[in-house]
Every structure is written in C-alpha cells, then in structure tokens.
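Visitor: Got a structure for you, written out below as structure tokens; questions coming shortly.
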Amino acid sequence: MTASDPAVTGAPMRRSIKAFPYNAETRLESLETTLTPPGRHYVRSNFAVPDLSPESYRLVVAGAVHAAVTFDLAALRALPSHALAVTMECAGNDRLGMRPVPAGEPWASGAVGTAVWGGVRLRDVLAAAGVRADACELVVTGADRGPRDDARTPGDVSFARGLPLEVAMHEDTLLALSMHGAPLPAEHGAPVRLIVPGWYGMASVKWVTSLQLVSEPFTGYFQRDRYVYDVAGEVRPVTRMLVKSMITAPAEGADLTFGPVEVHGWAWSGSGPIERVEFSGDGTSWQDATLGEPASAHAWTPWTCLWRPEHAGRAVLQSRATDATGATQPDAIVWNRLGYGNNAVRPVVVDVCAAS
Ligand SMILES: Nc1nc2c(c(=O)[nH]1)N[C@H]1C(S)=C(S)[C@@H](COP(=O)(O)O)O[C@H]1N2
Ligand SMILES: [Mo]
Numbered sequence: 215m216t217a218s219d220p221a222v223t224g225a226p227m228r229r230s231i232k233a234f235p236y237n238a239e240t241r242l243e244s245l246e247t248t249l250t251p252p253g254r255h256y257v258r259s260n261f262a263v264p265d266l267s268p269e270s271y272r273l274v275v276a277g278a279v280h281a282a283v284t285f286d287l288a289a290l291r292a293l294p295s296h297a298l299a300v301t302m303e304c305a306g307n308d309r310l311g312m313r314p315v316p317a318g319e320p321w322a323s324g325a326v327g328t329a330v331w332g333g334v335r336l337r338d339v340l341a342a343a344g345v346r347a348d349a350c351e352l353v354v355t356g357a358d359r360g361p362r363d364d365a366r367t368p369g370d371v372s373f374a375r376g377l378p379l380e381v382a383m384h385e386d387t388l389l390a391l392s393m394h395g396a397p398l399p400a401e402h403g404a405p406v407r408l409i410v411p412g413w414y415g416m417a418s419v420k421w422v423t424s425l426q427l428v429s430e431p432f433t434g435y436f437q438r439d440r441y442v443y444d445v446a447g448e449v450r451p452v453t454r455m456l457v458k459s460m461i462t463a464p465a466e467g468a469d470l471t472f473g474p475v476e477v478h479g480w481a482w483s484g485s486g487p488i489e490r491v492e493f494s495g496d497g498t499s500w501q502d503a504t505l506g507e508p509a510s511a512h513a514w515t516p517w518t519c520l521w522r523p524e525h526a527g528r529a530v531l532q533s534r535a536t537d538a539t540g541a542t543q544p545d546a547i548v549w550n551r552l553g554y555g556n557n558a559v560r561p562v563v564v565d566v567c568a569a570s
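Numbering (the working numbering), first residue to last: 215 to 570.
So, in structure tokens, the structure goes:
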C-alpha cells in the first residue's frame, strides 16, 4: 500500500449499510462517471459471500431439459464471449425517501451503478441441455443461503429467482465471468453471476450454481415473500426497472455562486430508451435537458442542463425522465410495504449565494 491508497488516506469509496453481510452503496460523487469504478459499485447481499473455489466450481443445468448438463469454468469459457455495459439498480434504492420508511436495508440513492459485464449468453448454456417445450421459467439459484425468520418452510433459504423463459433466452442476458474486464470480484458473484439487463438487481443472481427449467411458476422465498410490490396485501412481483433519473451535480446541500449552473445526471428505464429529461429549479417551470449517448442500450443516458437561477436563496432541483413507452416519473412516491421501486422525482436542495 502507498500513502495515496484510499485505505491509507481514509477516502471513502462506498457508504456501508450493513457490515455482516456486507451491503454498501456508492457515494453520489462516485456516480459521476459513465462506468462505476471497480470497488465503488454498490453491493447488495442477503447472506454471507459463499465459499466457491474456481477449481471445484460446477454449474448444473437440469429440470425440463432434454439432457442435464454440468459445466465447469473451462467449459463456460469455451462458449462465445460477450460484454455489455449494464445499469443495475437495487429495487430498494431510495427506500429512505419513503415515509414511513419501510423495513429493509436503508438505501439512500446510491444503490445503482453501471458496469461492463463480460461472459457468455445464458441461452448458449441452456441450449447445451436443450430446453423442453413444457418449460415456462428458469429457476436460477445462488450458492448463498441462510435463515429467514419469516420463511414459510423450515430450514435455510437459498437465494433463488424465477426468470421468464423469454427473458432467459434474450441475447443480452449473460452469465458474467468478469466485471470491467477483470475477474468478477467475490462480492459481485464470483465466479459466475447472472446479468439480466433492464431488470432490478434481484434478477441478476450472484454465485450461480444451478439452472433449473420448470413448468410451473417458481414460488421461493425471494420470489413470493421478497421483491414483490405489496400494496395493502395485494402482491405483484418486482420485475423491470421503472423509469428514473438522478441529479449527480450539483450535490445535495451545495453552496452555489449566483449565475448559470451546469446541472447533470443520469436517466434509465428497464422498458426502453430514455426519450426526455426535464429539469426544474423552482418546481413550477420545467426545461428540457440535453441527452447524451448511453454506453449501450442497457446503460443509463447522460443528461445536462444549464440552469439560470432567478434569485439567490434556497432552491429545490428536480429532474423527471420519460422513456420510449411514454412512462414518466411520478411526483409523489408510491409507498409499498417492502419499499421497492421508488422512482419518484427526487428533490435536491441547494443554496444559491448572492455575489458579494
Ligand atoms: N446469490 C445472490 N444473488 C443476488 C443477491 C443475493 O443476495 N444473493 N442480491 C440481489 C440483489 S437484491 C441485487 S440489487 C444485486 C446486487 O448486485 P451487486 O452486489 O453486484 O451490486 O444482486 C442480486 N443477486
Ligand atoms: Mo436489490
């Protein structure tokens, strides 16, 4: 280590939400770049990182297939490789904005980031086993497990999710072996994780060891008891990322000198390209921001806007994105029991000081 290493200087890379299991969100100043640097991307784990050695690692593809297959890492690496920049947001991001704050990890706004994931297409792996016509879903299971107080069945719960077959077969759904061109870090799912572009993070199962084709919808704990929108007992699964935008500069609480201010941020949606971002510095008049090019069809869109404050004093900055389906961010938060999918317009409060 050198004196300039963050560990020595004490420069924070993430804000830890929980120590065991480690959960941490990116500081907003580390979300200024198109790609979220290694070591800064948020980490969300329900259980401790499982101990998977690359040598003994096996991935089993079974269930409603013509012939079950087992892959080791060499067999996976032998398939055609693909890399893709993907923006991933935790469904619980911005839970802290909800009132009352729902139970669950208290994420502010940093449980989102963009990384280049490299690996193989999930569909190439499934093709090796041959998906039977009666399969409707793919159950993806990670090697991590642990107790859950409110589980319906006794014993430890594994992290497992059901994915609709058409999403599993999409050419951009990857089994990732690398992140930002380097081997996948343990906390991000090494040696193999799923990446489901456009979906909230819970679909992108880490430490994948089993792919089970099923002919009935999956009803596991992380499918039916978590990652569901529970509104007055009516339950819907959390799936694609809702359209959303964030302001990365100026920072919350910034002291700005009176004059034009360059505002910028990101916008993303799991349902299609971003078509429009509007900005307001006063909550009543909105102007169109200028959109930049995203790094891929699954990465966030950069936007900028020149804001000319009319007077000094406190100001509330807001941005509102609209995607190609016409979906737009709500002004008011849609509260739900487990605190998922908060894509409401988020106010950023700044102070504009009169020139002295
Ligand atoms: N096996 C496993 N996969 C998992 C999780 C988990 O707890 N266990 N958490 C999910 C959730 S809720 C999110 S938001 C993403 C976070 O991925 P990251 O830690 O690489 O940012 O992983 C998903 N995959
Ligand atoms: Mo998540």
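Idealized CB from N, CA, C, for every residue including glycine.
Quantities reported herein were computed from a predicted structural model and do not represent experimental measurements.
1) Out of Ala342, Ala347, Asp358, point me to the one whose CA is closest to Ser259's CA.
2) Ligand 1 heavy atoms versus the CB of Gly403: any closer than 7 Å?
3) CB Leu505 to CB Ile461, shorter than 8 Å?
4) Within the chosen definition, does the segment 302 to 316 reach the segment 409 to 417 through at least 3 CB pairs nearer than 8 Å?
5) Can we count Arg258 as close to ligand 2, meaning its CB is less than 7 Å from some heavy atom?
6) Hey, Val428 and Val353 are a contact pair by Cβ (cut 8 Å); roughly how many whole angstroms apart?
7) Exposed or buried, what is Leu336 when buried is set at 16 or more other beta-carbons lying within 10 Å of its beta-carbon?
8) Between which two residues does the beta strand (DSSP E) harbouring Asp565 extend?
9) Which residues in the same chain have their Cβ closer than 6 Å to the Cβ of Tyr271, if we skip the five residues on either side of it in sequence?
10) At the level of alpha carbons, what is the spacing between Ser230 and Asp364?
11) Can you name the residues that DSSP bridges to Pro399?
12) Quick one: what does DSSP say Glu476 is sitting in, helix, strand or coil?
13) Applying the 10 Å Cβ sphere with the 16-neighbour rule, what's the burial state of Pro264?
14) Distance check for Thr387 and Val381, CA to CA, integer angstroms please.
15) Suppose you measure from the CA of Asp565 to the CA of Glu476; what does that come to, to the nearest Å?
16) List the whole-angstrom C-beta distance separating Ala390 from Ala343, where the pair is believed to meet the contact cut-off of C-beta under 8 Å.
17) In three-state DSSP terms, what is Gln437?
18) Check whether the Cβ of His394 lies closer than 7 Å to any heavy atom of ligand 1, and answer yes or no.
Guide: Walking through what the data contain:
1) Position 45 of the sequence shown, counted from the start, is the residue given in the question as residue 259. Of Ala342, Ala347, Asp358, the residue nearest in Cα terms is Asp358.
2) For this step, residue 403 is matched to residue 189 along the sequence shown. Checking every heavy atom of ligand 1 against the Cβ of Gly403, one is found closer than 7 Å.
3) Position 291 of the sequence shown, counted from the first residue, corresponds to residue 505. Position 247 of the sequence shown, counted from the first residue, corresponds to residue 461. No; because the gap between Cβ atoms is not below 8 Å, this pair is not in contact.
4) These segments touch.
5) The count along the sequence shown starts at 1 and reaches residue 258 at position 44. Taking 7 Å as the cut-off, one finds at least one heavy atom of ligand 2 near enough to the beta carbon of Arg258.
6) Counted from its first residue, the sequence shown places residue 428 at position 214. Counted from its first residue, the sequence shown places residue 353 at position 139. Contact holds; Cβ gap of about 6 Å.
7) Position 122 of the sequence shown, counted from the first residue, corresponds to residue 336. Buried, since its Cβ has 16 or more Cβ neighbours within 10 Å.
8) Position 351 of the sequence shown, counted from the first residue, corresponds to residue 565. DSSP places Asp565 in the uninterrupted beta strand (DSSP E) bounded by 562 to 567.
9) Start at 1 with the first residue of the sequence shown, and residue 271 comes out as number 57. Counting only Cβ-Cβ distances below 6 Å, and skipping sequence neighbours, we find Leu287, Pro405.
10) Position 16 of the sequence shown, counted from the first residue, corresponds to residue 230. Position 150 of the sequence shown, counted from the first residue, corresponds to residue 364. The alpha-carbon atoms of Ser230 and Asp364 are separated by roughly 25 Å.
11) Along the sequence shown, read from residue 1 onward, the residue named residue 399 stands at position 185. Beta-bridge pairing links Pro399 to no other residue.
12) Within the sequence shown, residue 476 is the residue found at index 262, counting from 1. In the structure shown, Glu476 falls within a strand segment according to DSSP collapsed to helix, strand and coil.
13) Taking the sequence shown and counting its residues from 1, one reaches residue 264 at position 50. Buried.
14) Within the sequence shown, numbered from 1, the residue matching residue 381 stands at position 167. Within the sequence shown, numbered from 1, the residue matching residue 387 stands at position 173. Cα-Cα distance, rounded: 7 Å.
15) Locating residue 565 in the sequence shown gives position 351, counting from the first residue. Locating residue 476 in the sequence shown gives position 262, counting from the first residue. Rounded to whole angstroms, the separation of the alpha carbons of Glu476 and Asp565 is 14 Å.
16) Stepping through the sequence shown from its first residue, residue 390 is reached at position 176. Stepping through the sequence shown from its first residue, residue 343 is reached at position 129. Distance from Ala390 to Ala343 at the Cβ level is roughly 20 Å; contact not present, criterion being Cβ atoms closer than 8 Å.
17) Numbered from 1 along the sequence shown, position 223 holds the residue referred to as residue 437. Under the three-state reduction of DSSP output, Gln437 falls in the helix class.
18) To locate residue 394, count along the sequence shown from 1; it is residue 180. Taking 7 Å as the cut-off, one finds no heavy atom of ligand 1 near enough to the beta carbon of His394.
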